[in-house]
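Asker: Here it is, the structure, as C-alpha cells.
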Amino acid sequence: MGIPRGTYDILPNEVGTWHYLEKIAREVCQRYAYAEIRTPIFEETSLYERGVGETTDIVEKEMYTFLDRKNRSLTLRPEGTAGVVRSFVENKVYADMQPTKWYYFGPMFRYERPQAGRFRQFHQFGVEAFGSDDPALDAEIISLGLDFYQTLGISGVKVGINNVGNPEIRAKYFENLIAYFKPYEAELDPDAKSRLYRNPMRILDSKVKRTQEIAQEAPSILDSLDKESMEYLERVKFYLQELQVPFDVNDRLVRGLDYYTQTAFEFVMEELGAQAGVVGGGGRYNGLVKELGGPEVSGIGFGIGLERVLLALKEQKVTIPTSDPLDCYLVTMGEEAKVASVRILGELRRAGLKAERDYLDRKMKAQLKTANRNEARFVAILGEEELVNQQVQVKHMETGEQTSIAMDQLVSYLLEGK
RNA sequence: GCGAUCGUGGUGAAGCGGUUAACACACCGGAUUGUGGCUCCGGCACUCGCGGGUUCGAAUCCCGUCGUUCGCCCCA
C-alpha cells in the first residue's frame with residue numbers, strides 16, 4: 001500500500017504554508033469584494049462533458065470518472081468553473097442583483113502523468129464573476145490575480161492576454177489557419193498534423209522547430225475578429241493600463257477549455273520550467289451559463305494552480321511566516337508532579353494559552369529540550385519541592401531568567417507576558 | 001499514452017560483483033540525583049523497492065514489475 005500516484009500528503013509542518021496561501025487569497029478577494037463559494041468535489045460527468053467541452057483533453061482522457069451504487073456517472077472535478085456555474089444556475093443566483101462575484105479554493109483531479117508542478121490531485125484558487133460584459137471587469141479579474149501573486153511576494157509574473165472571439169469567429173479563423181497550413185502539411189510534425197483539423201490554433205505554440213518556422217507567418221486571430229471583439233480587447237487593454245497592470249497581447253494564446261469567448265489570459269513565470277510556467281489562466285465564458293441550462297448571462301474567471309505558486313515561492317526564496325510557538329511547556333519531575341500537572345495544564349489551556357507537557361516519562365533535561373524545540377516562551381517546572389510549597393519555577397526560555405511563583409498565579413503570570 | 005531517469009536507515013547520501021553496508025543530519029540515551037539551545041560519548045539498516053534470473057558469491061550484472069523525478073502531449 002502506498003499513496004496513489006500523483007498525490008501527496010501535506011504534513012503538519014507544511015500546513016502552515018497552505019493556511020498562509022488561503023489567508024492571502026481570502027484577503028485579496030475580500031478587497032475586491034468577492035465572496036467564497038464551496039461546491040462539491042464531484043459532479044455529474046455530463047456537467048464537464050458539456051461545460052468543459054467533449055473534445056478537450058480534460059474530458060477525453062483526464063477525468064476521474066466512476067459509477068456510484070445506482071450507476072450514476074460521476075466525476076471528480078477536473079477544474080472549478082463548471083461546478084461553480086452549475087451552482088449559479090441551479091440556485092438561480094442570476095435572479096439576484098448582479099454582478100455575482102465569487103471565489104473558491106480546493107482540490108482538483110486530473111488523470112495525467114505527474115511532472116514538475118503537475119499532480120493528479122492539485123489545488124486551485126479561482127475566481128468567477130457573472131452578469132457583466134463590462135471590460136473593466138475583465139481587467140479587474142486579471143488585476144486581482146496579479147495582486148494575489150504580488151501580495152505573496154512573488155515577482156516577475158507576466159500577464160498575457162488575447163481575444164479569442166466567439167465560436168463563429170473561431171470557426172472562421174480555424175478555416176483560415178487550415179488553409180494556411182495545408183500546403184505545408186507534409187512538413188509538419190506528427191502532433192501538429194493531427195491537430196490540423198481538430199484544433200489548428202494549437203499548432204501555433206508548437207515547440208517543434210520546423211513547425212514553429214511554418215507557424216511564424218500564420219494568420220493572427222486578431223485579423224479575424226469582428227469590430228466588437230477588437231474593440232472589446234482595446235477596452236480591456238485600456239482598463240489594464242488604468243490599473244497599472246503590465247501585460248502583453250499574445251495573439252497565439254490559446255486556452256485548453258472550449259468555453260472561452262473574447263478575453264483569454266494567462267499568468268506566466270518563465271523560470272519555472274516547461275510545464276509549470278503557466279501559474280494561472282482564465283478567460284471569459286459568455287455562453288457557458290446558457291449551455292448549462294441558465295439564462296444568457298456572461299461570466300469570466302481564472303484558475304490559479306497553487307502547487308505552482310508554491311514552486312514560485314520556493315524559486316524566489318520567499319519565506320512564509322508559519323511559526324506557532326508554545327506559550328508554556330510544563331516540566332514535571334516525579335509521579336505526584338505529573339499527576340498535578342494535568343490540572344494545571346487544563347487551566348492554562350482554558351485560559352487560552354498554548355500549553356504542553358511530557359507524556360513519555362522523560363527526564364527533565366529531555367523535557368526542556370522538547371520545550372526548546374517547540375519554541376516554548378516559558379517553561380514551568382514542577383517537582384517535589386514546588387509541590388510542597390504550592391509553587392512553580394517559571395523560566396523564560398529566551399533570557400534564561402527563572403523565578404518562583406505561586407501555583408495559583410501561573411495563569412495570570414503567563415497571560416501578562418503574552 | 002510515449003521517452004528518459006532513479007529507487008540503499010526517519011532524512012540526505014557513499015558503496016557499483018567478494019567476509020562487519022561509509023558519512024552527515026535527525027532521533028534516543030549518557031557525560032550533568034532537578035534545568036534547554038553549544039560540546040563530547042554511545043545507540044539506531046540480519047539489509048539495499050518488489051519478483052525472478054546469472055554467478056561459488058549480488059545492494060552491486062540481466063529481465064520483469066511497482067514507484068520517483070524530469071521531458072513530450074496537454075494543462076494549473
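What the first sequence shows, in the working numbering, is residues 1 to 418, in sequence order. Just so you know, even glycine gets a beta-carbon here, dropped at the ideal spot from N, CA and C. Quantities reported herein were computed from a predicted structural model and do not represent experimental measurements.
1. Taking only three categories from DSSP, how would you classify ILE142?
2. Would DSSP call LEU330 helix, strand or coil?
3. How many whole angstroms separate the CB atoms of ILE10 and GLY126, which I take to be in contact at a CB cut-off of 8 Å?
4. Do you know offhand how far PRO40's Cα is from GLY301's?
5. May I ask you to list the residues that DSSP assigns as paired with ASN163?
6. Is the region 343-360 touching the region 325-333, taking contact as three or more C-beta pairs under 8 Å?
7. Any idea if MET97 is buried or exposed, counting beta-carbon neighbours within 10 angstroms, 16 or more meaning buried?
8. Can you grab the Cα-Cα spacing for the pair PRO200 / GLU375, in whole Å?
9. Identify, in the order they occur along the chain, each residue of the same chain with its Cβ nearer than 7 Å to the Cβ of VAL392, setting aside the five sequence neighbours on each side.
10. Report the rounded CA-to-CA distance for ALA139 versus LEU240, giving the unit in angstroms.
11. Give the straight-line distance between the Cα atoms of ARG170 and GLY294, rounded to the nearest whole angstrom.
12. Just the Cα atoms here: how many angstroms apart are VAL236 and GLU27?
13. Apply the 10 Å Cβ neighbour rule to ARG69 and answer buried if 16 or more other Cβ atoms are within range, or exposed otherwise.
14. Buried or exposed for THR399, going by 16 or more other Cβ atoms inside 10 Å?
15. Find the nearest neighbour of THR319 within the set ARG5, PHE181, TRP18, judged by alpha-carbon distance.
16. If you measure between the beta carbons of TYR34 and TYR103, is that distance less than 8 Å?
17. With a threshold of 8 Å, are at least 3 pairs of Cβ atoms found where one atom belongs to the region 280-299 and the other to the region 246-262?
18. Which value, in whole angstroms, describes the spacing of the CA atoms of ASP133 and MET269?
19. Which parts of the region 386-413 are runs of the beta strand (DSSP E), unbroken and 3 residues or longer, counting only runs that do not cross its ends?
20. Label LEU415 either buried or exposed according to how many other C-beta atoms from any shown protein chain fall within 10 Å of its C-beta, with 16 as the threshold for buried.
21. Across the region 205-212 and the region 220-231, are there enough close Cβ pairs to call them in contact, namely three or more that are closer than 8 Å?
22. Given a threshold of 16 other Cβ atoms within 10 Å of its Cβ, counted over all protein chains shown, does GLY51 qualify as buried or as exposed?
23. Can the beta-carbon of ARG308 be found less than 8 Å from the beta-carbon of VAL279?
24. Tell whether a beta-carbon distance below 8 Å holds between ALA218 and LEU272.
25. Assuming the contact rule is C-beta atoms closer than 8 Å, ASP205 and VAL254 should be a hit. Round their C-beta distance to whole Å, please.
26. Secondary structure at PRO78, three-state DSSP: helix, strand or coil?
27. Any heavy atom of the ligand PLP closer than 7 Å to the CB of GLU375?
28. What first and last residue would you give for the beta strand (DSSP E) that runs through ALA371?
29. Under the DSSP definition of a beta bridge, which residues are partnered with HIS123?
30. Report, in whole angstroms, the separation of the C-beta atoms of ARG5 and ARG120, which I expect to be a contact under 8 Å.
Answerer: Short version:
1. Locating residue 142 in the first sequence gives position 142, where the first residue counts as 1. Secondary structure of ILE142 (DSSP, three-state): helix.
2. Walking along the first sequence from the start, residue 330 turns up at place 330. Note: LEU330 maps to strand in three-state DSSP.
3. In the first sequence, residue 10 corresponds to position 10, counting from 1. In the first sequence, residue 126 corresponds to position 126, counting from 1. 19 Å between Cβ atoms; not a contact.
4. The residue you call residue 40 lines up with position 40 of the first sequence. The residue you call residue 301 lines up with position 301 of the first sequence. So the alpha carbons of these two residues sit roughly 18 Å apart.
5. Translated into positions along the first sequence, residue 163 becomes position 163. Partner(s): THR263.
6. The region 343-360 vs the region 325-333: in contact.
7. The residue labelled residue 97 in the question sits at position 97 within the first sequence. In the assembly as shown, MET97 is an exposed residue. Its beta-carbon has fewer than 16 other beta-carbons within 10 Å.
8. Taking the first sequence and counting its residues from 1, one reaches residue 200 at position 200. Taking the first sequence and counting its residues from 1, one reaches residue 375 at position 375. Taking the straight line joining both Cα atoms gives about 58 Å.
9. The residue labelled residue 392 in the question sits at position 392 within the first sequence. Answer for VAL392: ALA380, ILE381, LEU382, GLU386, ILE405, MET407, LEU410, listed in chain order.
10. Locating residue 139 in the first sequence gives position 139, where the first residue counts as 1. Locating residue 240 in the first sequence gives position 240, where the first residue counts as 1. Distance between the alpha carbons of ALA139 and LEU240: 5 Å.
11. Here residue 170 is taken as the residue at index 170 of the first sequence, counted from 1. Here residue 294 is taken as the residue at index 294 of the first sequence, counted from 1. Distance between the alpha carbons of ARG170 and GLY294 is about 23 Å.
12. Stepping through the first sequence from its first residue, residue 236 is reached at position 236. Stepping through the first sequence from its first residue, residue 27 is reached at position 27. Straight-line Cα distance between these residues: approximately 25 Å.
13. On the first sequence, position 69 is the one that residue 69 refers to. So ARG69 ends up on the exposed side.
14. To locate residue 399, count along the first sequence from 1; it is residue 399. Burial call: exposed.
15. As a working mapping, residue 319 is identified with position 319 in the first sequence. For the residues ARG5, PHE181, TRP18, the minimum Cα distance to THR319 belongs to TRP18.
16. Indexing the first sequence from 1 puts residue 34 at position 34. Indexing the first sequence from 1 puts residue 103 at position 103. Taking 8 Å as the Cβ cut-off, TYR34 and TYR103 qualify as a contacting pair.
17. Cβ pair count under 8 Å is three or more, so yes.
18. Here residue 133 is taken as the residue at index 133 of the first sequence, counted from 1. Here residue 269 is taken as the residue at index 269 of the first sequence, counted from 1. So the two alpha carbons sit approximately 29 Å from each other.
19. Listed in chain order, the beta strand (DSSP E) elements of length 3 or more contained wholly in the region 386-413 are 391-396, 402-406.
20. Mapped onto the first sequence, residue 415 falls at position 415. Counting Cβ neighbours within 10 Å, LEU415 comes out exposed, since fewer than 16 surround it.
21. Too few Cβ pairs lie closer than 8 Å, so no.
22. Residue mapping note: residue 51 aligns to position 51 of the first sequence, counting from 1. So GLY51 ends up on the buried side.
23. The residue given as residue 308 occupies position 308 in the first sequence. The residue given as residue 279 occupies position 279 in the first sequence. Cβ distance < 8 Å, so ARG308 and VAL279 count as in contact.
24. Here residue 218 is taken as the residue at index 218 of the first sequence, counted from 1. Here residue 272 is taken as the residue at index 272 of the first sequence, counted from 1. The beta carbons of ALA218 and LEU272 sit no closer together than 8 Å.
25. Taking the first residue of the first sequence as 1, we reach residue 205 at position 205. Taking the first residue of the first sequence as 1, we reach residue 254 at position 254. 7 Å between Cβ atoms; contact.
26. Along the first sequence, read from residue 1 onward, the residue named residue 78 stands at position 78. Residue state, collapsed to three classes: coil.
27. Looking for the ligand PLP in the displayed structure turns up nothing, as the structure carries no ligands at all.
28. On the first sequence, position 371 is the one that residue 371 refers to. Boundaries for ALA371: no beta strand (DSSP E) harbours it, while the alpha helix (DSSP H) harbouring it runs 364-373, taken from the DSSP string.
29. On the first sequence, residue 123 is found 123 positions in, with the first residue counted as 1. Note: HIS123 sits in a beta bridge opposite PRO107.
30. Position 5 of the first sequence holds residue 5. Position 120 of the first sequence holds residue 120. The pair is a contact, with the Cβ atoms about 6 Å apart (cut-off 8 Å).
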